[in-house]
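Visitor:
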Amino acid sequence: KAGVTQTPRYLIKTRGQQVTLSCSPISGHRSVSWYQQTPGQGLQFLFEYFSETQRNKGNFPGRFSGRQFSNSRSEMNVSTLELGDSALYLCASSSTGSNTEAFFGQGTRLTVV
Amino acid sequence: AQSVAQPEDQVNVAEGNPLTVKCTYSVSGNPYLFWYVQYPNRGLQFLLKYITGDNLVKGSYGFEAEFNKSQTSFHLKKPSALVSDSALYFCAVRGVGSGNTGKLIFGQGTTLQVKP
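Protein chains in written order, with the working numbering: chain Y, 1 to 113; chain F, 1 to 116.
#1: Would a check of beta-carbon distances place Phe63(F) closer than 8 Å to chain Y?
#2: Counting only beta-carbon separations shorter than 8 Å, does Leu112(F) have a partner in chain Y?
#3: Nearest by alpha-carbon distance to Pro7(F): which of Pro79(F), Gly53(F) and Thr24(F) is it?
#4: According to the Cβ coordinates, are Ser65(Y) and Asn77(Y) closer than 8 Å?
#5: For the beta strand (DSSP E) containing Arg94(F), name the first residue and the last one.
#6: So what's Gly84(Y) in DSSP terms, helix, strand or just coil?
#7: Since Gly107(Y) meets chain F, which of its residues come closer than 7 Å, beta carbon to beta carbon?
#8: Taking the Cβ atom as the reference point for each residue, do Gly43(F) and Glu48(Y) lie within a distance shorter than 8 Å?
#9: Which residues, in chain order, does the region 17-34 of chain Y contribute to contact with chain F at a C-beta distance below 8 Å?
#10: What residues match up with Gln36(Y) in a beta bridge as DSSP calls it?
#11: In the DSSP assignment, find the unbroken beta strand (DSSP E) run with Asn68(F) in it and report its ends.
#12: Spell out the partners DSSP gives Cys23(Y) in its beta bridges.
This is the structure:
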């Protein structure tokens, strides 16, 4: 079974630009979550999608948005990039149920210059 | 508020010795607890979880964790450490209640250094 796939692996963007990151979950998984990882703040929850609906959102500004498609693939978008948005963005997928583990992709390393 | 604490930024052990990485949590109700490991420039790999039942849970790569409800702890253990176990370890709890569905709350991470 293929794992969670995130593309691209690395990105360099300029302040003010926007970026779209993609995540393909494990086949059959309908829940996709996104996390931001930085040295200072650690792992922070961005949002979670289930069956194309955002179920939960973390404490991030509106510049961070996402969506999920009917095949469960998900994208997240960051507009008007700031230097502080430089981070590793991780996507995780899981099957239904709170007791199930989440499986993470390798992440997209975003550098804003 | 729901939270996870990993009190040690770094744990150093010699190869072959037992290791413990500590985790305490705060959550209302019954917790769903997880351990993940992260190698440099990689995503998180699932090690094990506690949902219910036996307080000692076994996971991947010889790791196990002990759930202690009275101490609200979920420490990760391994009887004999390997150099290849050197990595960053995260404890997490699944959020409960409205607004927390699907959310993992992570500790700040503990770097495990195993020396030959």
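For glycine and all other residues, C-beta sits at the position ideal for the given N, C-alpha and C.
Guide: On the basis of the coordinates in this document:
#1: no
#2: no
#3: Thr24(F)
#4: yes
#5: Ala87 to Arg94
#6: helix
#7: Gly43
#8: no
#9: Ser31 and Ser33
#10: Gln44(Y) and Tyr89(Y)
#11: Glu64 to Asn68
#12: Gln6(Y) and Ser74(Y)
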